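Okay, structure first, notes after.
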Amino acid sequence: DSGVTQTPKHLITATGQRVTLRCSPRSGDLSVYWYQQSLDQGLQFLIQYYNGEERAKGNILERFSAQQFPDLHSELNLSSLELGDSALYFCASSVRGLGVTIHEQYFGPGTRLTVT
Amino acid sequence: GENVEQHPSTLSVQEGDSAVIKCTYSDSASNYFPWYKQELGKRPQLIIDIRSNVGEKKDQRIAVTLNKTAKHFSLHITETQPEDSAVYFCAATGGGADGLTFGKGTHLIIQP
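Chains as they are written, first to last, in the numbering used here: chain H, 1 to 116; chain F, 1001 to 1112.
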């Protein structure tokens, strides 16, 4: 158990719909990262938040957005869903601050999204 | 941006033998290189990492080596056991962005 929690575990929805995935980081971690894992794209970095603010963006679609709340939990919002958005969505957290040192990232159990 | 290549995609070894997985990266500014193990349907689990100021790091049966000049790093697992069977991912970051760039993964199969 990494200490990172994600809900829900599974989500089945239809094309065109919108869903929200939730992540709670490990106690004390200020950075949250979102990753997408699919068979054809592999593990891809989507976005990072640090202490409530967006820190870095990866291959995140415009239909996707995220935010980090004052209690440091984060939500990933996926809208206008397409069949190709079906994937495992992982959240990771680290103590990573604004300094130079990069810290380890610990992954949550993931949310499996199926778009039908 | 960063690009990470990982080889082989599948590796089958006899129990007790050693396994080596290799990765190359493209961004010379990358300075942090973790390795993750992922079992089917589970989360990626950090097993070892190395930073660019170190050439080698060892943790029991697992070791990682880094060659900054050639921009490649490798995972070595000795005395393999059935529980080592999983998909292993290498990753890199540090070139200005924090997100990890992953290789495509290596499916390690330990034959009894």
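Glycine residues also receive a C-beta, built at the ideal position from the N, C-alpha and C atoms. Here the structure is a predicted model, which means the values were calculated and not measured.
Check                                                                                                                                                                     : Outcome
Would you verify that the beta carbon of ALA66 of chain H is, or is not, closer than 8 Å to some beta carbon of chain F?                                                  : no
DSSP three-state label for GLU1039 of chain F, please.                                                                                                                    : coil
Taking Cβ positions, are ARG63 of chain H and SER80 of chain H nearer each other than 8 Å?                                                                                : yes
Could you list the residues in the region 1023-1036 of chain F with a C-beta less than 9 Å from some C-beta on chain H, going in chain order?                             : ASN1031, TYR1032, PRO1034 and TYR1036
Applying the criterion that 16 or more other CB atoms from any shown protein chain within 10 Å of the CB defines a buried residue, is ASP29 of chain H buried or exposed? : buried
When you compare the CB positions of VAL19 of chain H and CYS91 of chain H, do they come within less than 8 Å of one another, or not?                                     : no
Along chain F, which residues have their Cβ under 9 Å away from the Cβ of TYR33 of chain H?                                                                               : ASP1098, GLY1099 and LEU1100
So with CB distances below 7 Å, who are the chain B contacts of TYR106 of chain H?                                                                                        : No chain B appears in this structure, whose protein chains are H and F.
Can you list, in chain order, the residues of its chain whose CB lies under 6 Å from that of VAL1087 of chain F, leaving out five sequence neighbours each side?          : GLN1038, GLY1105 and HIS1107
Closer than 7 Å by C-beta to GLY1055 of chain F: which residues in its own chain qualify, once you throw out the five before and the five after it? Chain order, please.  : THR1065 and LEU1066
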